[in-house]
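Chemist: Counting from 1, position 545 in the sequence shown corresponds to residue 632 in this note's numbering; the numbering is continuous, with no gaps.
Can you keep this structure in mind? I'll have questions shortly.
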Amino acid sequence: MARIAILLSDRCHPKECQWECQAYCPPVRMGQECIVEGPNGKPIISETLCIGCGICVHKCPFDAIKILNTPEADETEIVHRYGYNGFRLYRLPLPPRTGITGLLGPNGTGKSTALRVLAGTEVPNLGHFEAPGQWAAVLERYRGTQLHDHFRRIERGQLSVASKPQYVDWISEEPVTATEYVGASGADPRPILTEVGLETKADRRLAELSGGELQLVSIARTLSTPADLYLFDEPSSYLDIVHRLAIARLLRRLGESKSVVVVEHDLALLDYLADTAHLVYGEEAAFGVISHPLPMRTAINTYLTGYLKDENVRFRTEPVQFVAHPPKLSHRGSPLVTFGALSKRYEGFHLTVEPGELSKGETVGIVGPNATGKTTFVKMLAGVEPPTEGATPAGVKVSYKPQYLKATSSASLRERLEVLRADPTFDASLFERDLVPGLRLDGLLDVALTDLSGGELQRAAVALALAHPATLYLLDEPSAYLDADERMAVAKLIRRQIERQAATALVVDHDVYFLDLASDALMVFGHPGGDHAVGAGAGPFAMREGMNRLLREVEVTFRRDAETLRPRINREGSVLDREQRAKGEYYYEAAG
């Protein structure tokens, strides 16, 4: 194992501390220059002199230092390094000749860096961060490997690459319509816009589109671009289950003749989409190691169990466990919250929701395609939107996390916490005792809210919502921006907190794994008769009934994996798919 020292530069504030890292370092006290001041006024930590005691890690008041051992990775395998004490990536995925391979791992472990290297937009420096990477050195390093041919084609300009970026919000700033943006690749944009379901929005300007529609526009442009290699970074973000499956089918068709690499956190979708996968393990913002390719089923099962057998690496302390067949049934107890029939009318859209009951200690998932009224229903219960007809429950204490988050204050989470301590509706002890460690917010407490990433802001918002004691918790898309590990951790934490507080919760989400772990029951929303001007919600239903209602509309069946009991999408036309459809059982008919 190789020891590496990481300095999180954005967290390090040497003018606001006493240089505790240097003052308490044993080698420094013995006269060795283990920690010295760098040219930017921040510490430089010598990895050769560091003894791995971890004192600097614990003494740093800003949690800006990480001292880590990299399992099964050494400097001969390093691909790219950002600075002396910066992030480093070990190994690369191997693009298939044809077909789809996936990249699966936590945020901040180098997946997007790997895609940039494969695309040739970032020349790997092979660990020599002092100067820009050179293709001659890269070709020499990978001589005799399959990656050598890949990089040689890039260096000669013979490999064309089409990339769908991770973040699609920025394209809304382009002063063009969806048709003009997709047509910039030179192909006729109309057929692909129709295939992704945007034919009615083709003439809309990008600034007028929602996050999901921007995602579809970005995917459409990538698909319409002639290329040898296609790279898709988180194509399911913002998309509902209907569009996720539609895009997965398009990408599978693309993979029949092209080389495709996909980064994805929706495990059910990635399992359905890809043929093989590389696992990425390591430490966020510190290092990432890319495993050798694994068959798709083996890759996800390994990811859930947390032990990579062929490399003898354990990257998860406890395996992620799913419930056995049949799915967990809703423990429908005495009602805690009862709501009557609700209706909301907008110009061009009418939502109706049937009356329902929510039980104590129960987490209810809200599922259905986008634009069916799920968020509107939650806003009505939260008091943000008044219903046109009907009345929301009176006397119910509500805590609400909205769908879209935007930090408007430069204050840190710790500063926000100090203000909230005076709020009698906020439980600071719960926040610090359970939610900060449970959502891994320890290292984010002193970071300005405006500097948090989308996933970090999401975790902070979930924590703040759960720390307000309430009868009814309303959480709209809490898995957005989170990686697969974070999604599973948040799902379990929400469920545990709702049970402990004897409260109830409604959770809107599109990730089947997330809902399977978090939910006791489901409310299902849809367009009755296929009329998109009308939305209707009903439930709660027991998990099997709710998922059957949803999946019957989506026309997809799920089964349980025999080893991990995780949800798996059946391939259309397979024996199990046909059997389940014939029985009307779209949800977990059998393991295997």
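Glycine included, C-beta positions come from ideal geometry on N, C-alpha and C.
1. Could you pull out every residue in the same chain whose Cβ sits closer than 6 angstroms to the Cβ of Q490, ignoring the five residues on either side in sequence?
2. Whole beta strand (DSSP E) runs in the stretch 209–287 with 3 or more residues, listed along the chain?
3. Which whole-angstrom value is the C-beta distance of S421 and G477, which I expect to be below 8 angstroms?
4. What do you reckon, are the CB atoms on H237 and G197 nearer than 9 angstroms?
5. For the alpha helix (DSSP H) containing F464, name the first residue and the last one.
6. Among residues of its own chain, excluding the 5 on either side of E159, which ones have a beta-carbon nearer than 6 angstroms to its beta-carbon?
7. Helix, strand or coil for L593? Go by DSSP, reduced to three states.
8. Sort A629, K488, G186 and R646 by Cα distance to L360 and report the nearest one.
9. What are the boundary residues of the alpha helix (DSSP H) that includes V577?
10. Would you kindly work out how many angstroms separate the C-alpha atoms of L609 and T266, rounded to a whole number?
11. Would you check whether the ligand COA has a heavy atom nearer than 8 angstroms to the C-beta of I279?
12. For V493, does the three-state DSSP call read helix, strand or coil?
13. Thinking C-alpha only, which one of P182, L285 and A294 is nearest L246?
14. Drop a sphere of 10 angstroms on the beta-carbon of Y394, count the other beta-carbons inside from all chains shown, and report buried for 16 or more, exposed for fewer.
15. Is G435 closer than 9 angstroms to V595 when the C-beta atoms are compared?
16. Count the C-beta pairs between the stretch 464–480 and the stretch 661–674 that are closer than 8 angstroms, then say yes if the count reaches three, no if not.
17. Taking DSSP as the reference, what is the three-state secondary structure of I138?
18. For the stretch 311–371, list the alpha helix (DSSP H) runs that are entirely contained and at least 4 residues long, ordered along the chain.
19. Buried or exposed: which applies to Q105, given that a residue is buried once 16 or more other Cβ atoms fall within 10 Å of its Cβ?
20. What first and last residue would you give for the beta strand (DSSP E) that runs through G626?
21. In the DSSP assignment, find the unbroken alpha helix (DSSP H) run with P518 in it and report its ends.
22. Measuring alpha carbon to alpha carbon, tell me which residue in E343, I279, P193 and T232 is nearest E371.
23. In the DSSP assignment, find the alpha helix (DSSP H) that holds T719 and state where it starts and stops.
24. Excluding sequence positions up to five away, which residues of its chain have a Cβ less than 8 angstroms from the Cβ of T591?
25. Are there three or more Cβ pairs, one per stretch, closer than 8 angstroms when the stretch 305–318 is compared with the stretch 240–258?
26. How far does the beta strand (DSSP E) with R98 in it reach, from first residue to last?
27. If you reduce the DSSP assignment to three classes, tell me which class E476 lands in.
28. Determine the direct distance from the alpha carbon of S297 to that of R291, and round the result to whole angstroms.
29. In three-state DSSP terms, what is E120?
30. In terms of alpha-carbon separation, which member of D256, G299 and C99 lies closest to E124?
31. Measure from the alpha carbon of D684 to the alpha carbon of each residue in P148, K129 and D514, then state which is nearest.
32. Where do the N-terminal and C-terminal ends of the alpha helix (DSSP H) with V599 fall, by residue?
33. Applying the criterion that 16 or more other CB atoms from any shown protein chain within 10 Å of the CB defines a buried residue, is Y433 buried or exposed?
Modeler: This is what the structure gives:
1. T462, D563 and E564
2. Listed in chain order, the beta strand (DSSP E) elements of length 3 or more contained wholly in the stretch 209–287 are 248–251.
3. The Cβ separation is near 23 angstroms, so there is no contact.
4. no
5. Residues K461 to A469.
6. With a pLDDT of only 49 at E159, under the threshold of 50, the placement of this residue in the model should not be trusted; the figure read from the coordinates follows. If we look at E159 and ignore the five residues flanking it on each side, its Cβ neighbours are E398 and V400.
7. strand
8. Across the set A629, K488, G186 and R646, the C-alpha of G186 shows the shortest separation from the C-alpha of L360.
9. In the DSSP assignment, V577 falls within the alpha helix (DSSP H) that extends over A571 to R587.
10. L609 and T266 have their alpha carbons spaced roughly 37 angstroms apart.
11. Ligands are entirely absent from the displayed structure, and the ligand COA is therefore not among its contents.
12. Looking at the sequence shown, residue 493 is not Val but Lys. If DSSP states are grouped into helix, strand and coil, K493 belongs with coil.
13. The candidate whose alpha carbon is nearest that of L246 is P182.
14. exposed
15. no
16. no
17. coil
18. 328–342 and 354–360
19. An exposed status is given to Q105, since fewer than 16 other beta-carbon atoms sit within 10 Å of its beta-carbon.
20. V621 to A629
21. One point to set straight first is that residue 518 is Phe, not Pro, in the sequence displayed. Looking at the DSSP string, F518 is not in any alpha helix (DSSP H), and its letter there is neither H nor E.
22. P193
23. Past the boundaries of the shown model lies residue 719; the chain is included only from 88 to 679, so the question cannot be answered.
24. L423, V424, L445, S446, K447, G448, E449, T450, V451, T558, L559, Y560 and I585
25. yes
26. That residue, R98, is in no beta strand (DSSP E); it is neither H nor E in DSSP.
27. Here E476 carries a strand assignment [DSSP, helix/strand/coil].
28. 11 angstroms
29. Residue state for E120 is assigned as coil, using DSSP reduced to three classes.
30. C99
31. This structure gives no information on residue 684, because the portion of the chain shown stretches from 88 to 679.
32. V599 to A605
33. exposed
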